[in-house]
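Residue numbering for the sequence shown follows the numbering used here, starting at 22 and increasing by one per position.
We put the CB at the ideal spot given by N, CA and C, even for glycine.
Written out below as structure tokens is the structure these notes cover.
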Amino acid sequence: MRPPTAARSLVRRTFLTLAVLGMAACGTRTPEHDDEEAGPMELTSGREIDDVIVTLWKDGGERVLSDIVGIEFDDLLVFPEGTPAGRVNEAAGGELLGGKYYQSSAQLFLFRTGGRATLAAMISSDVFEHEVQNAAFGPEVRIVALGDRQLVTLED
22 MRPPTAARSL VRRTFLTLAV LGMAACGTRT PEHDDEEAGP MELTSGREID DVIVTLWKDG
82 GERVLSDIVG IEFDDLLVFP EGTPAGRVNE AAGGELLGGK YYQSSAQLFL FRTGGRATLA
142 AMISSDVFEH EVQNAAFGPE VRIVALGDRQ LVTLED
């Protein structure tokens, strides 16, 4: 028997939080290691994005991603679990991940400006169409959903 939905959600959020803390300890860029031109970069749980995704998944509609995260960016790269850390670090313009692979089951949304990461958000919602993974999007990217718990996608 599966635990109630609220319990599964709490367990999932707990594991996600632990993953964020573990990855943060394993190689995030910090201001003292950045050059002066690099913007600030954070490794976050992506909760704001997750909350919007779940609402759209249920109710349908679309939202511009830059409105949700509150930052301007040039592009968004989406990485799934198992992506080589070197590939993510190269895309980030510096060391974001330690180890050999991105090991979280959450998708990594890497927002970049000028070829360097400005925000790295771990998205736990697993309701995305498959083509979203390993894809790149421009600054006008939107989360688009039909609602009624159908899969969600990203579109420029």
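Residue i classed as buried or exposed, judged by whether at least 16 other C-beta atoms fall within 10 angstroms
i      : result
PHE158 : buried
ALA46  : Low per-residue confidence applies at ALA46: pLDDT is 36, beneath 50, and the placement is therefore not dependable enough to give any value.
LEU31  : Only weak support is given to the placement of LEU31: the predicted model assigns it a pLDDT of 45, under 50, and the value that follows is read from those uncertain coordinates. By the 10 Å Cβ count, LEU31 comes out exposed.
VAL109 : buried
THR49  : At THR49, the pLDDT of 40 sits below 50, so the modelled position is not reliable; the number obtained from the coordinates is stated separately. The residue in question, THR49, is buried, as its Cβ has 16 or more Cβ neighbours within 10 Å.
LEU86  : buried
First and last residue of the uninterrupted alpha helix (DSSP H) at residue i
i      : result
ILE70  : 68–80
GLU111 : 106–113
ILE92  : Premise fails: ILE92 is in no alpha helix (DSSP H) and is neither H nor E.
Check whether residue i and residue j have beta carbons under 8 Å apart
i      : j      : result
LEU98  : ALA106 : no
ILE89  : VAL73  : yes
PHE100 : ASN155 : yes
VAL162 : LEU172 : no
ALA113 : ALA138 : yes
GLN124 : GLU102 : yes
GLU144 : ALA127 : One detail in the question is off: residue 144 reads as Ile in this sequence, not Glu. The answer is yes: Cβ separation under 8 Å.
ASP169 : GLY81  : yes
PHE132 : LEU140 : yes
ARG84  : LEU77  : yes
ARG134 : TYR122 : The amino acid occupying residue 134 in the given sequence is Thr; Arg does not appear at that position. Result no, Cβ atoms of THR134 and TYR122 do not sit closer than 8 Å.
Endpoints, beta strand (DSSP E) assigned at residue i
i      : result
VAL165 : 163–166
LEU172 : Note, LEU172: premise wrong, no beta strand (DSSP E); not H, not E.
LEU131 : 128–134
LEU117 : No beta strand (DSSP E) contains LEU117, which DSSP labels as neither H nor E.
PHE158 : 156–158
Closest Cα partner of residue i within the set the options
i      : options                         : result
ASP147 : ILE70, ASP177 and ARG84         : ILE70
PRO160 : GLU111, ASP96, GLY115 and LYS79 : ASP96
GLU111 : VAL75, GLY136 and GLY120        : GLY136
SER178 : ASP177, LEU129 and ILE164       : The displayed coordinates of the chain run from 22 to 177. Any statement about residue 178 would go beyond what the structure contains.
LEU64  : GLU116, ILE164 and ASP177       : GLU116
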